[in-house]
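Inspection log for the structure reproduced underneath, given as structure tokens.
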Amino acid sequence: TLPIRIAPSVLAADFSRLGEEVRDVVEAGADWIHLDIMDGHFVPNISFGPDVIKALRPHTTAFFDCHLMIAPVDPYLEAFAKAGCDSITVHAEAGPHLHRSLQTIRALGKKVGVTLNPATPLSVLENVLDDIDLILIMSVNPGFGGQKFIPAMLDKIAATKAMIGNRPIEIQVDGGITTETIGAAARAGANVFVAGSAIFGKADKAAYRTEIETLRRNAET
Ligand code: DX5
Ligand code: ZN
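Numbering follows the numbering used here, with no gaps: position 66 of the sequence shown is 137.
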């Protein structure tokens, strides 16, 4: 079974000092850095693009987990790969040619992720299971940090776990993950946990560390 990974989303970090925030959260125990890319079209908010990821890359060797909430996505995959993403996760809803997008990410040498909005059925993944390294189950509607975890997504995580069988696919959950909600998501079968406001909402690096430790402990039990 795959390890528990805590992936802070820098969406909730202080954008005026992102490099320092990324270094702090890695020193505080983060496993992956989750980078939320929003285009104001696929989702009703705008965040940042590949140049910001490129600027962050020298600040840490941590795994850059890039969640692209953009449509169309294919024209930008190479730019995100070159910027230093380690994994690239695309939305199944972002275009008509999911399989092509996944093949492009694979050809760029990156880990391949696919994500589903809360209302999108798992069945859209049935025919691409051997092409992916990570499935991200959105537990809020994408676009904003600080929303509440949608409890119906627990059954969806469990169904994902059943669907992947013995394939070594990471099951990630994103949205509303806190010390209160992480345990149920872990028991349902997720092993990668995105948390934005729960971590970066804390005051300083020492508080990030305490929060990450508590998240990890609650995911393990
Ligand atoms: C939402 C993003 C999330 C978001 C999570 O569209 O994909 O990664 O930053 O934020 P919290 O943890 O505050 O729900
Ligand atoms: Zn995200």
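The C-beta atom is built at its ideal place from N, Cα and C for all residues, glycine as well.
Output the distance between the C-alpha atoms of residue i and residue j, rounded to the nearest integer angstrom.
i, j, result
"ILE77", "GLU98", "13 Å"
"LEU286", "ALA259", "16 Å"
"LEU106", "ILE141", "13 Å"
"GLY15", "ASP204", "This structure leaves residue 15 out entirely; the chain is present only between 72 and 292."
"GLY120", "ASN212", "20 Å"
"ASP136", "PRO222", "24 Å"
"TYR147", "LYS153", "10 Å"
"GLU91", "THR160", "25 Å"
"THR72", "PRO239", "8 Å"
Would you kindly report the start and end of the unbroken beta strand (DSSP E) that includes residue i?
i, result
"LEU187", "182-187"
"LEU139", "134-140"
"LEU205", "205-209"
"ALA78", "76-79"
Just reading off the alpha helix (DSSP H) that residue i is part of, what are its end residues?
i, result
"GLN174", "169-178"
"VAL199", "Element bounds for VAL199: n/a, residue is neither H nor E."
"ARG238", "Unbroken run through ARG238: none, as it is neither H nor E."
"THR281", "276-291"
Is the beta carbon of residue i within less than 7 Å of some heavy atom of ligand 3?
i, result
"ILE248", "Absence of ligand 3 from the depicted structure is noted, with ligand 1 and ligand 2 being the only ligands included."
On the premise that residue j lies in contact with residue i, defined as a C-beta separation below 8 Å, what is that separation, rounded to the nearest angstrom?
i, j, result
"VAL144", "SER172", "6 Å"
"HIS231", "ILE206", "Reading the sequence as shown, one finds Thr at residue 231 and not His. Contact holds; Cβ gap of about 6 Å."
"ILE235", "LEU200", "6 Å"
"LEU193", "LYS227", "7 Å"
Given that a residue counts as buried once 16 or more other Cβ atoms are within 10 Å of its Cβ, and exposed if not, what is residue i?
i, result
"GLU291", "exposed"
"SER158", "buried"
"GLU197", "exposed"
"HIS112", "exposed"
"PRO79", "buried"
"VAL93", "buried"
"PHE86", "exposed"
"LEU169", "buried"
"VAL81", "buried"
"ASN262", "buried"
"VAL195", "exposed"
"THR186", "buried"
"GLY53", "Residue 53 is absent from the model: the chain starts at 72 and stops at 292."
Using only Cβ atoms and a threshold of 6 Å, which residues come within that distance of a heavy atom of ligand 2? Order them by chain position.
SER80, HIS105, ASP107, HIS138, ASP245, VAL265
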